[in-house]
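Here the structure is laid out as structure tokens; the discussion comes afterwards.
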Amino acid sequence: MVDMSTTSAGLAWGMPVRPDLLGQALEAYEKFLPVSTTLRLCHCFGKGTNMNINKLPIELLSAIEDVLFHDLHLKKSTWIESFKHFEHRCEPSDHPIAASEAEFCAMEEGPHRCEDCDEDEPGSPCSGCGCYHGPYEDHDCEDCKKVHHEVVNDILMERIDWYLEECPELADGWETLISQRVNGNFAKYDQILYKHFGLAAYFARTRITDEELKKWPEDNNHDLHYGEPLQTTTCFITLPRQAGESLSYGITEVEGSNGFADVAAAQSLLVDLPILRNKEQTSKQFHRLLRTLELQPYVHESQLRSRISAQTVPITKVTGGTKDSSQDVNKSRNKAAFDKMEWPQLVMLVQTSFQWPD
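Dropping the structure here:
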């Protein structure tokens, strides 16, 4: 018998964030920590005639640290690009190997310039858009770069096979980045989150539901990935907690040999409702993480659902409106409510995976 479906559920005090921005920020923070430690040690124990850092007020030292971290945070990393491939928001030129081939073809065609460019002498500023250029060069203004970028994408659209094989590998790289296994890439960031902020990260992969086909955040590049599932990774920053029980459901040998499965799974959980005893202090933990890592609370459209409650409600007759329109109204209300929320909130985290055996 082969395990097919795995389901886990649990409660947590948490706050949603964008997973790619969290990873990028933690990568920068890891590089920033030795710098911060050196500054703090010099501020506390520095000696010598030219040791002026220990005379700075702590507020100014914190401001210096903020600037240094911000500079590291701005540096390009693989997190955002990798997440783009996983969500199938990438365009042809986002694939490095294929793009380098297309760049060569574009150069062979000659320079690509915006419509404002004229035929001035090489080396002189264009009287149309003001950029400089050589006799065989693209202009360097943003409009000209955009034209060149479009040419590269057009070339790749005619040679789709150049990047079709490259894209799945880049998408798989995202799950490697967020792996929280003992030796996984994110394990070191889990340690940083716990040691420096007293918090934890929770990732869950999800694809679009049948009810959300018209409501998933649209991207122009989704059309380039016809046949691929619309999917994303949700992320919550949580207080450390006991993980929910994970159960696996298998198929019979008959189902497996005949290539079909009819798996149904259910769990009923007794809830030990946690009390947030020191709400003000806990809230400061989350706000400190947001401020230090330059993050904002973020909820994916697929997670904008109504609160669940155990409170009894009167039975009412449902009248008027269609299912789609009521969902739109609820989602708008939920987004408005989300923007006003104080964090953390008590959330139920449920994750289900279903895999067909190889």
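Residues in the sequence shown are numbered consecutively from 888, following this note's numbering.
All residues carry an ideal CB built from backbone N, CA and C; glycine is no exception.
Compare the C-beta of residue i with all C-beta atoms of chain D and state if any pair is closer than 8 Å.
i	result
G897	This model lacks chain D altogether; it includes just one protein chain.
Is the CB-CB distance between residue i and residue j below 8 Å?
i	j	result
V922	L955	yes
F1147	L1191	no
F1123	L1233	no
A1074	L1080	no
N937	C929	no
T894	L1134	yes
L1117	R1092	no
L926	P1161	no
L1157	A896	no
Tell me which residues share the same chain as residue i and place their Cβ nearer than 6 Å to its Cβ, disregarding the 5 neighbours each side in the sequence.
i	result
W966	D907, G910, Q911
P1231	W900, G901, M902, F1173
T1120	P906, F1090, R1092
L1057	H972
E952	S923
P1104	E1188
F991	Residue confidence for F991 is low, a pLDDT of 48 falling below 50, so the modelled location carries little weight; the figure read from the coordinates is stated next. Nothing listed; no residue qualifies.
Hey, out of the options, whose CA is closest to residue i's CA?
i	options	result
P1127	L1157, E946, Q1172, L1156	Q1172
L1180	H972, L1064, A915	A915
D1041	H1083, D1097, L1057, P979	P979
D1059	H975, C931, D1159, L959	H975
K1166	L1157, L1111, E1229	E1229
A1153	Q1238, L926, H1083	Q1238
K1222	Q1242, V1186, F1241, I1195	V1186
K962	C931, N939, F919, E1037	F919
D1159	Q1168, P1184, Q1183, Q1129	Q1129
H960	I1138, R1178, I945, N1108	R1178
F1241	A950, Q1168, I1138, T1169	I1138
L913	K934, K1082, K1101, Q1168	K1082
In chain order, what residues of the same chain have a beta carbon less than 8 Å from the beta carbon of residue i, not counting five sequence neighbours either side?
i	result
L1086	L1080, I1124, T1125, L1126, P1127, Q1172, F1173, L1176
Q1067	F1073, A1074, D1077, A1088, F1090
L1064	G910, T965, W966, S969, N1072, F1073
S1196	none
N1108	H975, R976, C977, E978
E917	K1075, Y1076, I1079
G935	none
T1096	S1189
C931	N941
E1115	H975
T1209	Any reading at T1209 is ruled out, since the residue's pLDDT is 46, under 50, leaving its predicted position unreliable.
For residue i, which residues does DSSP report across the bridge?
i	result
Y1136	S892
W900	L1233
Q1238	S895
C1122	F1090
Going by beta carbon distance, what residues of the same chain come within less than 7 Å of residue i, once the five residues before and after it are set aside?
i	result
E1099	S1189
K1227	none
H1112	H975
V904	C1122, I1124, L1182, P1184, Y1185
G1207	With a pLDDT of 44 at G1207, under the threshold of 50, the modelled position of that residue is not reliable, and the figure given next carries that caveat. Cβ within range, chain order: n/a, list empty.
F1084	Q1172, R1175, L1176
L1254	Residue 1254 is absent from the model: the chain starts at 888 and stops at 1245.
Threshold first: 3 residues or longer. Then list the beta strand (DSSP E) segments lying entirely within the stretch 1041 to 1114, N to C. Runs of the beta strand (DSSP E) inside the stretch 1041 to 1114: 1087 to 1094.
Unbroken stretches of the alpha helix (DSSP H), 4 residues or longer, contained in the stretch 894 to 967: Uninterrupted alpha helix (DSSP H) stretches at least 4 residues long and entirely within the stretch 894 to 967 occur at 906 to 932, 945 to 961, given in chain order.
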